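Working notes, structure below.
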Amino acid sequence: SQGKEHTSKWSTEIFSEGPAVSKEEFVAKVTNELAYAPSLGGPYLSASGAAIDDDTLVGKLFDLLAGDKEKLTKHRMSTRMKEIAGIEEEALTWPTFLSALEEA
């Protein structure tokens, strides 16, 4: 390591005002404030194609990450995303997310 540390986009943009967010805050930040960034491994998706028109799935993601808690902390989000993604993956992918929703 050359003194460089990666900070995830979600951790700085979703938790910009503190270490925890409510479901309403999470949905608002993800749908309105979290800037789209294409994945490094493709497939390519334009920013307009990535727009979130229905926030239902964002609410379900909060429920999946927060469990029975009213607030989601940055630490819990990081831990749960890694648990859901599994050992083989570096990040939470769409197919993994859908599988986790079906199991919940």
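Heads up, our numbering is the position in the sequence shown plus 493, with the first residue counted as 1.
Virtual Cβ for every residue (Gly too), placed ideally from N, Cα, C.
On a predicted model such as this, the values are computed, not experimentally measured, just so you know.
For Asp-548, the closest C-alpha among the options Ile-580, Glu-518, Asp-561 is that of Glu-518. Collapsing the DSSP output to three states places Thr-549 in a helix. Counting along the chain, the unbroken beta strand (DSSP E) around Thr-566 starts and ends at 564-566.
Closest in C-alpha terms to Gly-511, from the list Arg-573, Lys-564, Ser-501, comes Lys-564. In the structure shown, the three-state DSSP call for Ser-509 is coil.
Burial is judged here by how many other beta carbons sit within 10 angstroms of a residue's own beta carbon; Leu-558 has at least 16 and is buried.
Buried is the label assigned to Ala-593, since at least 16 other Cβ atoms lie within 10 Å of its Cβ. Secondary structure note for Glu-517: its alpha helix (DSSP H) is the uninterrupted segment 516-521.
The three-state secondary structure of Leu-585, taken from DSSP, is coil. Thr-524 and Val-551 have their alpha carbons spaced roughly 8 angstroms apart.
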